[in-house]
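Each remark here refers to the structure printed beneath this line.
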Amino acid sequence: GIQVEQSPPDLILQEGANSTLRCNFSDSVNNLQWFHQNPWGQLINLFYIPSGTKQNGRLSATTVATERYSLLYISSSQTTDSGVYFCAVVRTDKLIFGTGTRLQVFP
Amino acid sequence: GAGVSQSPSNKVTEKGKDVELRCDPISGHTALYWYRQSLGQGLEFLIYFQGNSAPDKSGLPSDRFSAERTGGSVSTLTIQRTQQEDSAVYLCASSSGLLKEQYFGPGTRLTVT
Chain A
1 GIQVEQSPPD LILQEGANST LRCNFSDSVN NLQWFHQNPW GQLINLFYIP SGTKQNGRLS
61 ATTVATERYS LLYISSSQTT DSGVYFCAVV RTDKLIFGTG TRLQVFP
Chain B
1001 GAGVSQSPSN KVTEKGKDVE LRCDPISGHT ALYWYRQSLG QGLEFLIYFQ GNSAPDKSGL
1061 PSDRFSAERT GGSVSTLTIQ RTQQEDSAVY LCASSSGLLK EQYFGPGTRL TVT
């Protein structure tokens, strides 16, 4: 089946720093979503991005479907950005999740 | 409601007992999904409903797991004769249709003792 890999697995930042998270997938997909799982376990939708670039405040995402990767950019990080970031690819009828990037932002 | 809701939020049960987990999708969403998040397996797909039918049950780990959806809305995931390896967070999601953006509920944390 399709493989979804995320890097880095762990990231520690000081408040105010910028970061880039990467998601690689092994086959063509119908769509792609980025989520933030907060410390209480809730999955929060960040982006629904089959291709191109989208921006939402300090966050932006770019998907290059032909090269099978997506990037999530976090600028001017805040402590509230801490948690686990998942990308998930849409394959036919289901989401297939990557293993996540755990982000810790310290003041 | 405004989002996907799930109940109970936490469930502790003894090995061998049956449990039922409930999901209320976003109003008007025709597609409903169940996923499971556990330490060893990450986030994995269980089953998908379009309306009241389940075209894809491929992720159900054993015949102890079943799910139904009635009225194109509420869904129930039932686990019979629970085992310790069933301990996980069970997440429900809904979308306005196939391949559309999925929105997740807060999950039910199941602990089998």
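In order, the protein sequences belong to chains A and B.
Residue numbers for the first sequence follow this note's numbering, beginning at 1 and rising by one.
Residue numbers for the second sequence follow this note's numbering, beginning at 1001 and rising by one.
Glycine included, each C-beta is placed from N, C-alpha and C at the ideal position.
Using the beta-carbon of each residue, which ones in chain B are nearer than 9 Å to A:L95?
What you label residue 95 of chain A is simply residue 95 of the first sequence in a count that begins at 1. Simply Y1033, Y1035, L1043, F1045, A1093, Q1102.
With a threshold of 7 Å on Cβ separation, who are the neighbours of A:N24 within its own chain once the five nearest residues in sequence on each side are excluded?
The count along the first sequence starts at 1 and reaches residue 24 of chain A at position 24. If we look at A:N24 and ignore the five residues flanking it on each side, its Cβ neighbours are E5, R68, Y69.
Can you tell me whether B:T1113 is helix, strand or coil according to DSSP?
Position 113 of the second sequence, counted from the first residue, corresponds to residue 1113 of chain B. B:T1113: coil per DSSP, three-state reduction.
Nearest to B:G1003 by alpha carbon, out of B:K1011, B:L1099, B:S1027, B:T1013?
Counting from one through the second sequence, the residue named residue 1003 of chain B turns up at place 3. Measuring from the Cα of B:G1003, the nearest candidate turns out to be B:S1027.
Report the residue from B:E1044, B:S1066, B:Q1084, B:S1062 whose alpha carbon sits nearest the alpha carbon of B:R1022.
On the second sequence, residue 1022 of chain B is found 22 positions in, with the first residue counted as 1. Closest option to B:R1022, judged by alpha-carbon separation, among B:E1044, B:S1066, B:Q1084, B:S1062: B:S1066.
Does the segment 81-100 of chain A come into contact with the segment 1069-1089 of chain B, if we say contact requires no fewer than three beta-carbon pairs (one atom in each stretch) closer than 8 Å?
Counting C-beta pairs with one atom in each stretch, the segment 81-100 of chain A and the segment 1069-1089 of chain B have fewer than three that are closer than 8 Å, which means they do not touch.
Would you give the residue range spanned by the beta strand (DSSP E) that B:W1034 belongs to?
On the second sequence, position 34 is the one that residue 1034 of chain B refers to. Start and end: 1031-1038.
What does B:A1088 pair with, by DSSP beta-bridge criteria?
The sequence position of residue 1088 of chain B within the second sequence is 88, counting from 1. BP columns for B:A1088 point to B:L1110.
Does any C-beta atom of chain B lie closer than 7 Å to the C-beta of A:Y85?
On the first sequence, residue 85 of chain A is found 85 positions in, with the first residue counted as 1. It does not; no Cβ of chain B falls within 7 Å.
Taking the Cβ atom as the reference point for each residue, do A:Q55 and A:S26 lie within a distance shorter than 7 Å?
For this step, residue 55 of chain A is matched to residue 55 along the first sequence. For this step, residue 26 of chain A is matched to residue 26 along the first sequence. The answer is no: Cβ separation not under 7 Å.
I want to verify the contact list: residues of chain B whose CB lies under 8 Å from the CB of A:G57, in sequence order.
Position 57 of the first sequence, counted from the first residue, corresponds to residue 57 of chain A. Correct list: empty, because the minimum Cβ distance to chain B is about 18 Å.
If we cut at 7 Å on Cβ distances, does B:P1106 have a partner in chain A?
Counting from one through the second sequence, the residue named residue 1106 of chain B turns up at place 106. It does: the Cβ of B:P1106 has a partner Cβ on chain A nearer than 7 Å.
Using the rule of at least 16 other Cβ atoms within 10 Å of the residue's Cβ for burial, across every protein chain shown, is B:L1039 buried or exposed?
Here residue 1039 of chain B refers to the residue found at position 39 when the second sequence is read from its first residue. Classification of B:L1039: exposed, given that the 10 Å Cβ count is below 16.
Measuring only between beta-carbons, confirm whether A:G52 sits less than 7 Å from chain B.
Residue numbering aside, residue 52 of chain A sits at position 52 when the first sequence is read from its first letter. The C-beta of A:G52 comes no closer than 7 Å to any C-beta of chain B.
Nearest chain B C-beta to A:L11 closer than 7 Å, yes or no?
Counted from its first residue, the first sequence places residue 11 of chain A at position 11. By this cut-off, A:L11 is not an interface position.
Confirm, please, whether the CB-CB distance from A:T63 to A:L95 is below 7 Å.
Sequence index remark: in the first sequence, residue 95 of chain A carries index 95 (1-based). Sequence index remark: in the first sequence, residue 63 of chain A carries index 63 (1-based). No, they are not a contact pair.
Decide if B:W1034 is buried, meaning its Cβ has at least 16 other Cβ atoms within 10 Å, or exposed.
Along the second sequence, read from residue 1 onward, the residue named residue 1034 of chain B stands at position 34. B:W1034 should be labelled buried.
Given a cut-off of 7 Å, decide if B:V1112 and B:K967 are closer than it, judged by their beta-carbon atoms.
Any answer about residue 967 of chain B is impossible in this case: the structure gives chain B only from 1001 up to 1113.
If we ignore side chains and look at the alpha-carbon of each, how far apart do A:S51 and A:R22 end up?
By one-based count along the first sequence, residue 51 of chain A stands at place 51. By one-based count along the first sequence, residue 22 of chain A stands at place 22. Taking C-alpha positions only, A:S51 is separated from A:R22 by approximately 14 Å.
Classify A:R58 as buried or exposed, calling it buried when 16 or more other Cβ atoms lie within 10 Å of its own Cβ.
The residue given as residue 58 of chain A occupies position 58 in the first sequence. So A:R58 ends up on the exposed side.
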